[in-house]
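Number of protein chains: 2
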Amino acid sequence: MAKKKRKLKVIPLGGLGEIGKNITVFEYGDDIFVVDCGIAFPEDDMLGIDLVIPDISYLTKNREKVRGIVLTHGHEDHIGALPYVLKDLNVPVYGTKLTLGLLEQKLEEHGLLNNVVLNVVKHSDVIELGCFKVEFIRSTHSIADSTALAIFTPVGTIFHTGDFKIDYTPIEGEPIDLARLAELGKKGVLLLMCDSTNVEREGYTMSEKTVGETFDEIFMNAKNRILVATFASNVHRIQQIVNAAIKFGRKIAICGRSMVNVVNVAMELGYMNVPEGLIIDIDHINKYPPEKIVIITTGSQGEPMSALTRMASGDHKKVEIIPGDLVIISANPIPGNEKLVSRVVNDLFKKGAEVIYESLADIHVSGHASQEELKLIHRLIRPKYFMPVHGEYRHLKRHANLAVELGMSPENIFIMDIGKVLELTNDSAKINGSVNAGRVLVDGLGVGDVGNIVLRDRKHLSQDGLIVVVITIEGDTGNVIAGPDVISRGFVYVRESEDLMEEIREVCKAALQKCNDKKKNDWSTKKSIIRDALRDFLYERTKRRPMILPIIMEV
Amino acid sequence: MAKKKRKLKVIPLGGLGEIGKNITVFEYGDDIFVVDCGIAFPEDDMLGIDLVIPDISYLTKNREKVRGIVLTHGHEDHIGALPYVLKDLNVPVYGTKLTLGLLEQKLEEHGLLNNVVLNVVKHSDVIELGCFKVEFIRSTHSIADSTALAIFTPVGTIFHTGDFKIDYTPIEGEPIDLARLAELGKKGVLLLMCDSTNVEREGYTMSEKTVGETFDEIFMNAKNRILVATFASNVHRIQQIVNAAIKFGRKIAICGRSMVNVVNVAMELGYMNVPEGLIIDIDHINKYPPEKIVIITTGSQGEPMSALTRMASGDHKKVEIIPGDLVIISANPIPGNEKLVSRVVNDLFKKGAEVIYESLADIHVSGHASQEELKLIHRLIRPKYFMPVHGEYRHLKRHANLAVELGMSPENIFIMDIGKVLELTNDSAKINGSVNAGRVLVDGLGVGDVGNIVLRDRKHLSQDGLIVVVITIEGDTGNVIAGPDVISRGFVYVRESEDLMEEIREVCKAALQKCNDKKKNDWSTKKSIIRDALRDFLYERTKRRPMILPIIMEV
């Protein structure tokens, strides 16, 4: 009897059917390795949640098999969960210099730096992780030092793009290594895993360099202070601001904690080229005339606590917006942040600043490949099987459609959910079973202690507030000896609703009387009768449904 | 001595520096009239609020002067506050037939229909309101029967565009009456008040008719059921769906309460042309083959309770999405709704539907004028003074910039806040003083009973939940005879946090002990000592700040 073929398993634990928390497991026999380990930002209904990390219980259950974690680039949605995950699963981490430089900072903040093995790789390096070989291939994205991965497995080669665009004129170093992609494609690729973020956009994504040209034009005509808000991690963007500042004789001040951190790391590691003395302390900006200053700041997404938002609302300690300031928001709002950004723009205009934002000039380009770039990748790699990754369902679906248009057979394309297992041999692929996958919510110091019940209660409280009714009864007789006292929060403005509060007490008393009449004396029955009576009364009176908490104290 | 010149006052009570709740007051001597009276949708931080209406205390204080309310068109942000306002300020209302037809429905729902005087006007009609004459001028917008207004006042003519675009090929009736605008401009206009919504868009807004052409193309190629989601109020859009259905032999079913209502009103009043028998009952859709059916539905904004959202999530009672269904979302997401719409698109794709949405085809056009249309209005009206209206501050500011580019002097342009008073004579204009203006929050049956304190509490509860601590003490001795009992909601999952709950009780006991030691026996001191102790303990342990409610019962 022929030996049963062993199979390769590819298991996305995040990043499919959602934006963020990218993480994928590759497993063959006794070997597992992981690509990326990112966070997602909380959805609107995750009230009070700080961030979301992937459920990695599948990995901790198989911890003896896990050979390492490979990182494609240093964005939060690809490395941000590591400080949480490495506490539980301490395995070697591999990534390029800047990626690990950014990770180091995070680990240091979490007090983890000394416990973790970080292995710096260069482009074209090949590492071995059990039976896997992983080659790092130069790529281009909205952060420096990003890589694509060729993963050589016992059943064939997998090509994983990571997040990417095809930028023929990157700011630093070489463009994406198309020759190597072509070579891999020629030798035969079993599975392509390709970024789907911008699959809805026609044509090509513009080169990062075009933004620099816009900066030059703006800087040339500016007569006052310039402030530029952008993503802290976009080192190339920041370099272009630096270049424009040099060209037009301005000093640079850096504002916002993450901006300061990233610029420091990038300069230390040689990813930015900044002449001595160009960067000045933010405390010294007023020593220079306005036309000699550029301030680079966080807050391009209108985040409420960010530097730019504070400047716009007049709450920033070091920078005050003055009429004539020119503010450039060099970013597009991430879906969900549109109103936050809009508020900042309004506030800046009100303070007399000029504001250049998305609808006004080419001051931002995306870091993700548009349709024509995706087509190029598909044509070069010519995979047998295809799994669209990094995107909501609609992106994955449309990326699948694009592959079909390019001639792939639909049965060779796998739109996956997180936790689903794709099993591959050298001549077959199918979805077979699933493993634990999902989200773990981080709230303050708590990791995973806020679940659906807590969120449901927060939602309920946020909509109509709360009524607490407290009654003290005598244990022996069941007689009420204090209360009902009524406390409300987030329901109505109490001072103007004293009559309503009095009525609430009456409703409680009547409900209690009913309990006594019917000899319903156990506490939980009493509580539920009070709750029902109050709920009906309040809905009738106000058409609102506050949370009702009856509390009975026995003495 | 010369008699002091009387002045015209123009006072926006809403719609400037914000999107929605449009309302403007015109006052001269003892005469006041009002243009529009709309709602705004709650901002993200107005938790639990249903809608926002303008503060009209300035009008109720001057109620004997108010001659009437003039409506420009039937959108919620122009008529939606009337059911609340007319209860308090019952004055005659003037508007075109469809506008008042839509208003009638609202008033009926609020049981107000019999108490209100509604006066139907036609385009070119002139009405008198005290010393004012108001002429209704045909306009085009994303709802039928919209009007601009020429307001003849003792100090000069005001031209108010209302919401508008310049559509040379409207679906029904004549285009906007440019000849009359030119004539007014030639005779001299003192003040232009012009819609600023789309001032950030270059060029021209496309004609509504272009959407019909896209529908035709899509319908021609569709082989299965078609569902179209759009704004219920866009009667012309719905008419174009009807036209395509007729052309390609499909029956129509209507879904969603507001869609049914508007179609009924529009058909009754002659604004839609629908052949007998074309519309079928939603219960009968399965009697026809899929290629013979179009379903027109609400939910184009992904509103959680809307028909399309329910269909997408499988919760709709009458319509189940089946693979092959073609869903057209004929609308753009209003800022803030992007993620809701995205979720619906994902869910529809998952159910096997094809979905055509904003990034895919020309299935929607805006109802507001872009830059070139605005320029045409400015050139035709040639006003002495200009007040940009309908927009956030950035829109107003950029509209002002556009007017300056067209040659207006900046001192003749007034960017106003709501409540500010613009005083005009026939040769002067200045901002002089202000009146009460603002927002009134509607939550369930409550109008204005939810204010900042209630919202702040809802926000607090939504972020970290709540801890209630109840203690019963003996009045005479101050001894604790029951408790502390701890109840938490929305904080942590209690079953997994029993240790924490026990620690909370210990912290309370220690705090109480401290009170006794220091002889601090008044309740409010005790409560605040407990609250502080718990707050510090919980932040240290969890980095969260739940609301803490200490309750002391005395027996």
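Sequence order for the protein chains is A and B.
Each residue of the first sequence is one higher than the one before, counting from 1 in the UniProt record's numbering.
Each residue of the second sequence is one higher than the one before, counting from 1 in the UniProt record's numbering.
Even glycine gets a Cβ: it sits at the ideal position worked out from N, Cα and C.
Because the structure is a prediction, the values reported are computed rather than measured.
What's the C-alpha gap between residue i and residue j?
i	j	result
Y94 (chain B)	D283 (chain A)	60 Å
S370 (chain A)	I11 (chain A)	26 Å
L86 (chain A)	I79 (chain A)	11 Å
E372 (chain A)	Y168 (chain A)	14 Å
T96 (chain B)	V70 (chain B)	10 Å
A2 (chain B)	L118 (chain B)	For A2 (chain B), the predicted model reports a pLDDT of 48, less than 50, meaning its position is unreliable; a value from the coordinates is still stated below. So the two alpha carbons sit approximately 42 Å from each other.
P175 (chain B)	A331 (chain B)	22 Å
N401 (chain A)	G407 (chain A)	10 Å
R6 (chain B)	E496 (chain A)	41 Å
V486 (chain B)	R63 (chain B)	53 Å
V555 (chain B)	I552 (chain A)	13 Å
E506 (chain A)	K526 (chain B)	28 Å
D44 (chain A)	L461 (chain B)	15 Å
V440 (chain A)	V52 (chain A)	6 Å
K350 (chain A)	E411 (chain B)	17 Å
I418 (chain A)	G48 (chain A)	24 Å
L103 (chain A)	G446 (chain A)	21 Å
Which residue marks the beginning of the beta strand (DSSP E) containing residue i, and which one marks its end?
i	result
R382 (chain B)	Taken as a continuous stretch (DSSP letters only), R382 (chain B) belongs to no beta strand (DSSP E), as it is neither H nor E.
H110 (chain B)	Premise fails: H110 (chain B) is in no beta strand (DSSP E) and is neither H nor E.
Y28 (chain B)	I23 to Y28
M553 (chain A)	M547 to E554
T60 (chain B)	Unbroken run through T60 (chain B) is the alpha helix (DSSP H), S57 to K61; no beta strand (DSSP E).
E64 (chain B)	No beta strand (DSSP E) contains E64 (chain B), which DSSP labels as neither H nor E.
Under 8 Å Cβ-Cβ, which residues of chain B neighbour residue i?
i	result
S497 (chain A)	D449
P335 (chain A)	E338, K339 and S342
Q463 (chain A)	L47, G48 and R458
Y493 (chain A)	D449, V450, G451, I453 and V454
Closer than 6 Å by C-beta to residue i: which residues in its own chain qualify, once you throw out the five before and the five after it? Chain order, please.
i	result
G478 (chain B)	N521
residue 565 (chain A)	An answer regarding residue 565 (chain A) cannot be provided, because it is not within the stretch 1 to 555 covered by chain A.
I171 (chain A)	E208, H236 and Q239
L549 (chain B)	V468
L278 (chain A)	I252
F152 (chain A)	K133
G324 (chain A)	N224
E27 (chain A)	K9
Below 8 Å CB to CB, which residues in the same chain sit around residue i once its five sequence neighbours on both sides are set aside?
i	result
P546 (chain A)	D464, G465, L466, I467, S488, G490, F491 and L538
D31 (chain B)	K65, R67, L129, G130, C131 and F132
A403 (chain A)	H378, F386, P388 and I413
Along the chain, where does the alpha helix (DSSP H) containing residue i start, and where does it finish?
i	result
G185 (chain B)	L178 to K187
N412 (chain B)	Careful: N412 (chain B) lies outside any alpha helix (DSSP H) and carries neither H nor E.
residue 556 (chain A)	There is simply no residue 556 (chain A) to check, as chain A begins at 1 and stops at 555 in what is shown.
Give the interface partners of residue i over in chain A, defined as CB-CB distance under 9 Å, in chain order.
i	result
S524 (chain B)	Near S524 (chain B) there are no residues of chain A at all, since even the closest Cβ is about 14 Å away, more than 9 Å.
E549 (chain B)	Per the sequence shown, residue 549 (chain B) should be read as Leu rather than Glu. Those are L466, V468, I487 and R489, listed as they occur along chain A.
Leaving out five residues on either side along the sequence, give the residues of the same chain with a beta carbon under 7 Å from the beta carbon of residue i.
i	result
N337 (chain A)	Q301 and G302
T309 (chain A)	G299, G302, E303 and V344
G451 (chain A)	none
V274 (chain A)	V242 and M267
D347 (chain B)	A312 and S313
By the criterion of Cβ-Cβ separation under 7 Å, what are the contact partners of residue i in chain B?
i	result
I481 (chain A)	V555
K543 (chain A)	G444 and L445
Under 8 Å between beta-carbons, which chain A residues line up against residue i? List them in chain order, please.
i	result
K350 (chain B)	Y393
Under 7 Å between beta-carbons, which chain A residues line up against residue i? List them in chain order, please.
i	result
D44 (chain B)	K339
Entirely enclosed alpha helix (DSSP H) segments - the stretch 263-316 of chain A, minimum 4 residues: Listed in chain order, the complete alpha helix (DSSP H) runs (minimum 4 residues) inside the stretch 263-316 of chain A are 307-313.
Length at least 4, wholly inside the stretch 476-524 of chain A: the alpha helix (DSSP H) runs in chain order: Listed in chain order, they are 498-517.
Taking only runs that begin and end inside the stretch 147-233 of chain A, name each unbroken alpha helix (DSSP H) of 4 or more residues, in chain order. You should have 178-187 and 208-221.
Restricting to runs no shorter than 3 residues, where is the beta strand (DSSP E) found entirely within the stretch 309-371 of chain A? Segments of the beta strand (DSSP E) lying fully in the stretch 309-371 of chain A: 326-329 and 354-356.
Alpha helix (DSSP H) segments (min. 4 residues) lying fully within the stretch 434-471 of chain B: Within the stretch 434-471 of chain B, the complete alpha helix (DSSP H) runs of at least 4 residues are 452-464.
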